[in-house]
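To start, the structure under review is shown below, and the notes come after it.
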Amino acid sequence: MSLGGQVQAAGTQKRAVRLVLLHDVGGKVLALLPSDRLLNLAALWSLTGRRLQAVRREGVKRFFGQRGLQTEVGQRGLMQSLPLLIDQTLKEGSELSLSEYCTGFRFDWRYECGNEQQVTLGDISLQPATATVQQAPRGHSDVSAISSAVERFTALRVQQRLEDTLGLPALAPTTQQIIRLRSKPDAGVDELVQVVRLDPSLSAQVMSWAASPYYAAPGEVRSIDDAIIRVLGFDLVVNLALGIAMGKVLRVPEDQPSGTMPYWRQAVYAATLAEVLARKMPLQLRLKTGLAYLSGLLHNFGYLVLAHLFQPHFSLLSRYIEANPHLEPVLIEQQVLKVTRDQIGGWLLESWSLPSEVCAAIRQQQLDAPEGEAGSYARLLRLTVRLLRREGLADGPVEPIETELLQCLGLTTEQTEEAMSVLLSSRDNLNQLTHALSRERI
């Protein structure tokens, strides 16, 4: 479904326009804006004096799925029955190709404002270019950007160390020990077993993972040693433990955009698919599967950091994401908060001394990643997320997978399809593993 640029139809050019169904206590409203632009809720609220929000996805599907709207008569009636908020870049008399992003509902309409129609014309959209995420140079640029974002919302100067200003919790001693093991080249299973045994909660989780149907361990798992040595292995236990430890530091936010994929389910899917894809890469390009798994598990960690750091404003961000599902969430974050989940997540994980490959992959997953191994982890994450979105297993707009992206990783379309088939065939078991990790309802 194409949503940008001009649409050619019957020898004339029709402007591609996005329909957004909004509501408040006063009723429903339709917003019309160029399909490649961001709906500016703040401007819309100021223009109307109403706190309009995007209708949740389920409601949108019911509304635009009405049988009467599938006919020309019903479509004309729709445009005459609801108040219209029209972006000022759309000129009266224009031929428009209207489409609703979530459902694919579309029809052609000529914009002619009649007396019987309640139309409000205003500057309700922004060019995506004004929200473009810039790749920061090396050094303290991320720290500066994050500090500026904090100052913007708190109106306070950052006078202490950034960690104190952000008020982020410290890592537990067990997690710090696991990070040290992860960075120690000659660390072995014996050392890991000792660390796990000292933490009852982690011990219980390791036993739960080993007993999960996904790993299909033969026989009964009788001890921590058995779980790590025979079933899970050193890398998997370390990476899972680190991922879950990060999740314990910060809570999954409650006021998320409607239709959001459960955080840990998306994380487990991304970790699993990234690992499977890494195994399919040619030997000369192949990435470390453990780091690929950890990158996938933590790829969206910055989302939790944003929710923690900008608590009073996270609800506003969620409403913007709901109203602009066609845009990358990081573009909306840049516009609303002036900092993105990738930027702040990569910085925080780096400050916690996680592997540099993982930090770089998370920071650069939406950017033009550099050449070499570090950039390859970022490209692997980008491919992983795009494949998951295509199947409705990750949040964000569905985008094409470029041939160049596959070539850089040494993968073919057939191999990505095989990897996705592996994931889908294990979906039930992965959901049970997610439940064991997060105790969230399946």
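In this text, residue positions in the sequence shown follow numbering that gives the first Met the number 0: the first is 0, and each later residue adds one.
Think of the CB as a built atom: it goes at the ideal place given N, C-alpha and C, for glycine as much as any other residue.
All of these numbers come straight from a predicted model, not from anything done at the bench.
Taking a contact as a CB-CB distance under 8 Å, the pair L95 and R14 counts as one, their CB atoms being some 5 Å apart.
Rounded to whole angstroms, V16 and S424 show a C-alpha spacing of 38 Å. Taken through DSSP and simplified to helix, strand or coil, G409 comes out as coil. The DSSP-derived three-state label of G64 is coil.
Note that the stretch 316-336 does not touch the stretch 374-393; fewer than 3 beta-carbon pairs, one per stretch, sit closer than 8 Å. Proximity of the stretch 286-304 to the stretch 17-33 falls short of the contact definition, fewer than three beta-carbon pairs being nearer than 8 Å. In this structure L297 does not touch A240 by the C-beta definition: roughly 12 Å separates them, more than the 8 Å allowed. F106 sits in a strand when the DSSP states are folded into three classes. Residue G395 holds the alpha-carbon nearest to the alpha-carbon of S257 among D225, Q126, A210 and G395. Between I177 and A30, the gap from beta carbon to beta carbon reaches 8 Å or more. Leaving aside the five residues that flank V220 on each side, the residues in its chain whose CB is nearer than 7 Å to its CB run, in chain order, M206, A209, A210, A226 and V230. Restricting attention to V59, A359 and M419, the CA atom closest to the CA of G344 is found in A359.
The C-beta of G391 has fewer than 16 other C-beta atoms within 10 Å across all chains shown, which makes the residue exposed. Minimum Cα-Cα distance from L81 among the listed residues S98, R61, T119 and Q69 corresponds to T119. In the structure shown, S96 falls within a strand segment according to DSSP collapsed to helix, strand and coil.
In the structure shown, D225 adopts helical secondary structure according to DSSP, grouped into three states.
Each of R61, G48, E370 and L46 was checked against the Cα of L20, and the nearest Cα belongs to R61. If you check the CB distance, R285 and A277 come in under 8 Å.
Within its own chain, the residues whose Cβ lies closer than 7 Å to the Cβ of L404, once the five positions on either side in sequence are excluded, are R378, R381 and L382, listed in chain order. The beta carbon of A186 sits closer than 6 Å to the beta carbons of L180 from its chain, once the five residues preceding and following it are set aside; these are given in chain order. Contact fails between the stretch 403-419 and the stretch 253-268, because fewer than three Cβ pairs, one in each stretch, are under 8 Å apart.
As computed with DSSP, L38 is found in a beta bridge with S124. Collapsing the DSSP output to three states places L316 in a helix.
For A41, the closest of T174, V335, Q12 and L429 by C-alpha to C-alpha distance is V335. In the DSSP annotation of this structure, the continuous segment of the alpha helix (DSSP H) that includes A210 starts and ends at P199 to A210. Counting of Cβ neighbours within 10 angstroms places L348 among the buried residues, the total reaching 16 or more. Setting aside the 5 residues that flank it on each side, S317 is surrounded in the same chain by D254, Q255 and P256, each with a C-beta closer than 7 Å to its C-beta; the list follows chain order. By the 16-neighbour rule on beta-carbons within 10 angstroms, P33 is buried. Annotation: V248 to L170 spans about 7 Å, alpha carbon to alpha carbon.
Per DSSP, D394 is not a residue of any beta strand (DSSP E), being assigned neither H nor E. In the same chain as L315, and ignoring 5 residues on each side of it, the C-beta atoms closer than 7 Å to its own belong to V335, in chain order. In the structure shown, R55 adopts coil according to DSSP, grouped into three states. Taking D234 as reference, the option from P399, R50 and P184 with the minimal CA-CA separation is P184.
A Cβ-Cβ distance of about 11 Å is found for the pair F313 and L303, leaving them out of contact under the 8 Å criterion.
The C-alpha of V188 is placed about 29 Å away from the C-alpha of D427.
Between L38 and N323 the beta-carbon gap is near 5 Å, inside 8 Å, which marks them as a contact.
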